[in-house]
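Shown next, in structure tokens, is the structure this report addresses.
There are 2 protein chains.
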Amino acid sequence: MGLTAVAARGSRARPLRPLLSAGLRTLSASAVRARPRGLVYEQHGEPAQVLNLKEIDLAELGDSGVNVKMIAAPINPSDINMIQGTYATLPDLPAVGGNEGVGQVIEAGSRVTSLKPGDLVIPADAGLGTWRTEAIFGEETLLKIPPDIPLTCAATLSVNPCTAYRMLSDFEVLKPGDSVIQNAANSGVGQAVIQIAAAKGFKTINVVRDRPNLQELVDRLKSLGADHVITEEMLRKPEVKELFKKIPRPILALNGVGGKSATELLRHLQHKGTMVTYGGMSKQPITAPVSALIFKDVKLRGFWMTQWKRDNAQNKEKLRGMIEDLCDLIRKGQLTAPACQEVPLIDYQAALESSMKPYVSAKQILVM
Amino acid sequence: MGLTAVAARGSRARPLRPLLSAGLRTLSASAVRARPRGLVYEQHGEPAQVLNLKEIDLAELGDSGVNVKMIAAPINPSDINMIQGTYATLPDLPAVGGNEGVGQVIEAGSRVTSLKPGDLVIPADAGLGTWRTEAIFGEETLLKIPPDIPLTCAATLSVNPCTAYRMLSDFEVLKPGDSVIQNAANSGVGQAVIQIAAAKGFKTINVVRDRPNLQELVDRLKSLGADHVITEEMLRKPEVKELFKKIPRPILALNGVGGKSATELLRHLQHKGTMVTYGGMSKQPITAPVSALIFKDVKLRGFWMTQWKRDNAQNKEKLRGMIEDLCDLIRKGQLTAPACQEVPLIDYQAALESSMKPYVSAKQILVM
Numbered sequence: 001m002g003l004t005a006v007a008a009r010g011s012r013a014r015p016l017r018p019l020l021s022a023g024l025r026t027l028s029a030s031a032v033r034a035r036p037r038g039l040v041y042e043q044h045g046e047p048a049q050v051l052n053l054k055e056i057d058l059a060e061l062g063d064s065g066v067n068v069k070m071i072a073a074p075i076n077p078s079d080i081n082m083i084q085g086t087y088a089t090l091p092d093l094p095a096v097g098g099n100e101g102v103g104q105v106i107e108a109g110s111r112v113t114s115l116k117p118g119d120l121v122i123p124a125d126a127g128l129g130t131w132r133t134e135a136i137f138g139e140e141t142l143l144k145i146p147p148d149i150p151l152t153c154a155a156t157l158s159v160n161p162c163t164a165y166r167m168l169s170d171f172e173v174l175k176p177g178d179s180v181i182q183n184a185a186n187s188g189v190g191q192a193v194i195q196i197a198a199a200k201g202f203k204t205i206n207v208v209r210d211r212p213n214l215q216e217l218v219d220r221l222k223s224l225g226a227d228h229v230i231t232e233e234m235l236r237k238p239e240v241k242e243l244f245k246k247i248p249r250p251i252l253a254l255n256g257v258g259g260k261s262a263t264e265l266l267r268h269l270q271h272k273g274t275m276v277t278y279g280g281m282s283k284q285p286i287t288a289p290v291s292a293l294i295f296k297d298v299k300l301r302g303f304w305m306t307q308w309k310r311d312n313a314q315n316k317e318k319l320r321g322m323i324e325d326l327c328d329l330i331r332k333g334q335l336t337a338p339a340c341q342e343v344p345l346i347d348y349q350a351a352l353e354s355s356m357k358p359y360v361s362a363k364q365i366l367v368m
Numbered sequence: 001m002g003l004t005a006v007a008a009r010g011s012r013a014r015p016l017r018p019l020l021s022a023g024l025r026t027l028s029a030s031a032v033r034a035r036p037r038g039l040v041y042e043q044h045g046e047p048a049q050v051l052n053l054k055e056i057d058l059a060e061l062g063d064s065g066v067n068v069k070m071i072a073a074p075i076n077p078s079d080i081n082m083i084q085g086t087y088a089t090l091p092d093l094p095a096v097g098g099n100e101g102v103g104q105v106i107e108a109g110s111r112v113t114s115l116k117p118g119d120l121v122i123p124a125d126a127g128l129g130t131w132r133t134e135a136i137f138g139e140e141t142l143l144k145i146p147p148d149i150p151l152t153c154a155a156t157l158s159v160n161p162c163t164a165y166r167m168l169s170d171f172e173v174l175k176p177g178d179s180v181i182q183n184a185a186n187s188g189v190g191q192a193v194i195q196i197a198a199a200k201g202f203k204t205i206n207v208v209r210d211r212p213n214l215q216e217l218v219d220r221l222k223s224l225g226a227d228h229v230i231t232e233e234m235l236r237k238p239e240v241k242e243l244f245k246k247i248p249r250p251i252l253a254l255n256g257v258g259g260k261s262a263t264e265l266l267r268h269l270q271h272k273g274t275m276v277t278y279g280g281m282s283k284q285p286i287t288a289p290v291s292a293l294i295f296k297d298v299k300l301r302g303f304w305m306t307q308w309k310r311d312n313a314q315n316k317e318k319l320r321g322m323i324e325d326l327c328d329l330i331r332k333g334q335l336t337a338p339a340c341q342e343v344p345l346i347d348y349q350a351a352l353e354s355s356m357k358p359y360v361s362a363k364q365i366l367v368m
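So the sequence lines, in the order shown, correspond to chains A and B.
In this text, residue positions in the first sequence follow the UniProt record's numbering: the first is 1, and each later residue adds one.
In this text, residue positions in the second sequence follow the UniProt record's numbering: the first is 1, and each later residue adds one.
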């Protein structure tokens, strides 16, 4: 499948093919099924070298376990870093790769109250190991999602849209008409920010890297609800002042890049505004003039969805409320999945390779 | 007066000489007095060139004016920057230099309720122009302070000790035993931080630049209450780990330097801690690794006393409460003035020259 075709289709979520044909029938635990398999690594290293598709023994279901048949799971940059051993949290080895995805409950232990066979579930926390066909998970590690959400959306809901949602909610009190500036606007988080902000009436200024097919990207992000799309170079020019005659200076900046790009966001931020850093694609640190902190009183913060989930582990209602809000937006067509390329689990090597290429904007989704 | 002698004596506040002999008698408005004079600048530039000691006409007292005889006023770096025209806020020209100091009320307008002749006052806001012998100020621009506070302390109370006090109060909830790390520990703010923190039971790690008479400085800061005094170089070495076996990692870092020094503070900060920047002596920006923001969840903030006073202009009780707290500490001997060198107003050129020399730690105080 050509990437251009994917990108052009990517602005609308659609169900994954295997499910279009299979339908969403409840699978029976007693049905004859293939032995559970998963992408396992026994040591850290380059994913293509250390990952192997292997049969995995299922844990005991017990009273509180939930048997989940995984449907689809994306390959995120953080999954790659975790396997490489460079991420901030690392699992005990051997481990199954993947931290996000969607599955269906096949069977639930007798004490499980929140889930029943047929329910669609996504991980409530990172580290579950989602690149597998089937698993027994603890009830508390899963979140039920409504059955009418496109599976591509469901499989990619628990990291990027949640990150976008929290960053737009937890750092500044924004009202309709307020503006938000972000770099990496074409990333998974960036696209979710554009859509959630548009749904809430916040104006977005979206910064992207220059590229040959820039107009195509601008059009696509505008079709998602972006108010302004500009390149890093345009942001540095004096002409950008014209922009701020049309809309207020942003009170919130979202930074997924670092380096000079972050310094530029900071420069355009309102007095007392906040820049939230959630990624560092440029591999450069953040540089802030002392005067911005002292005299403009800007605040520099960071956000990590994994930490938020840990901090709110005793308050699952907050997590459920967010998922409900996001599912409402999906239902209304206001939040769609990013451009995705579906790859059968067995072809994981090709998916890994594609996911690690620079400038590839289609997310690789493993279909189990 | 030799600087070493000043430094050695500087850890104890003492009254200014002119007042020791003059006593704190209430001056009479009708007494024969010299014409009011002040250090005026008509354009921005180097202070030695643009400042002139001139006679100044007094404004009308009116119903709500307060006639103040200035006693003493320090030369702060921000005063210099304001005259140079490089500071964040600049007065209308011509202007009188100086933003801090202590004076005595000679006469108060009939509607003035909070001040009476004989009261000692300090500025409630920046921009008053304190380098003058006498002025009519608005009641709301002045704060009464108790008569039993050494005048050197009073003259230097409204910027540095207030900055230290707010930074220790407004960013993290510290309890006795918690630790705070700061660079520029020998600055006016740094010394106030050491003393206020010691009074509240917070441990301080004080970072200073290496110098020939390091031990003398270490001893002096420890006599003020510093728990640990280390050089920038020591802070970068692995041995510094030993320090954090004795005391908890700091939850608050106070940065008056910027550049590499700030990055080092950040490196030792606890998870979810805050670094507050109030100065940039190195003239270098702040550089923060993306991972510190995302995975350590550290917060980067700034503080500017002038902005705080503006933000709290309608809430003078908060300002008065802070001044009372600080005066209590002064009375108990827990907060002293920094090393000061007193210079008669007429010798302002010598005082300006001394105040702009690098590595001079005695604050120049103009005596009117």
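No residue lacks a Cβ here, since even glycine has one placed at the ideal position from N, Cα and C.
Pick from the options: whose alpha carbon is nearest that of residue i?
i                      : options                    : result
residue 131 of chain A : A/244, A/157, A/54         : A/54
residue 276 of chain B : A/277, A/298, A/259, A/265 : A/298
residue 259 of chain B : B/243, B/63, B/111, B/280  : B/280
residue 291 of chain A : B/294, B/192, B/282        : B/282
residue 247 of chain A : A/91, A/368, A/177, A/127  : A/177
residue 105 of chain B : B/211, B/76, B/34, B/145   : B/145
residue 209 of chain A : A/252, A/251, A/256        : A/256
residue 37 of chain B  : B/138, B/344, B/356, B/173 : B/344
residue 68 of chain B  : B/129, B/332, B/159, B/186 : B/129
residue 152 of chain B : B/167, B/266, B/188, B/41  : B/188
Quick check: residue i and residue j, are their CB atoms within less than 8 Å of each other?
i                      : j                      : result
residue 339 of chain B : residue 362 of chain B : yes
residue 74 of chain A  : residue 365 of chain A : yes
residue 79 of chain B  : residue 99 of chain B  : yes
residue 335 of chain A : residue 150 of chain A : no
residue 155 of chain B : residue 141 of chain B : no
residue 219 of chain B : residue 205 of chain B : no
residue 306 of chain B : residue 86 of chain B  : no
residue 254 of chain A : residue 167 of chain A : yes
residue 294 of chain A : residue 303 of chain B : yes
residue 199 of chain B : residue 329 of chain B : yes
residue 138 of chain A : residue 63 of chain A  : no
residue 93 of chain A  : residue 43 of chain A  : yes
residue 369 of chain B : residue 309 of chain B : Since the first residue of chain B shown is 1 and the last is 368, residue 369 of chain B is not available in this structure.
Can you grab the Cα-Cα spacing for the pair residue i / residue j, in whole Å?
i                      : j                      : result
residue 321 of chain B : residue 83 of chain A  : 55 Å
residue 272 of chain B : residue 296 of chain B : 6 Å
residue 143 of chain A : residue 122 of chain A : 5 Å
residue 58 of chain A  : residue 165 of chain A : 35 Å
residue 66 of chain A  : residue 301 of chain A : 37 Å
residue 217 of chain B : residue 96 of chain A  : 56 Å
residue 313 of chain B : residue 126 of chain B : 12 Å
residue 195 of chain B : residue 195 of chain A : 51 Å
residue 237 of chain A : residue 181 of chain A : 16 Å
residue 235 of chain A : residue 243 of chain A : 10 Å
residue 278 of chain A : residue 135 of chain B : 53 Å
residue 175 of chain A : residue 207 of chain A : 22 Å
residue 114 of chain B : residue 326 of chain B : 20 Å
Using 10 angstroms around the beta-carbon of residue i, count the other beta-carbons present and answer buried if the total reaches 16, otherwise exposed.
i                      : result
residue 349 of chain B : exposed
residue 223 of chain A : exposed
residue 72 of chain B  : buried
residue 261 of chain A : buried
residue 368 of chain B : buried
residue 173 of chain B : exposed
residue 46 of chain B  : exposed
residue 179 of chain A : buried
residue 119 of chain A : buried
residue 230 of chain B : buried
residue 203 of chain B : buried
residue 270 of chain B : buried
residue 191 of chain A : buried
>> Please give me, in chain order, every unbroken run of the alpha helix (DSSP H) with length at least 4 that falls completely inside the segment 98-153 of chain A.
In response: none
>> Could you tell me which whole alpha helix (DSSP H) segments of length 4 or greater appear in the segment 281-332 of chain B?
In response: 290-294, 305-311, 316-331
> Which parts of the segment 167-206 of chain B are runs of the beta strand (DSSP E), unbroken and 3 residues or longer, counting only runs that do not cross its ends?
Replying inline: 179-182
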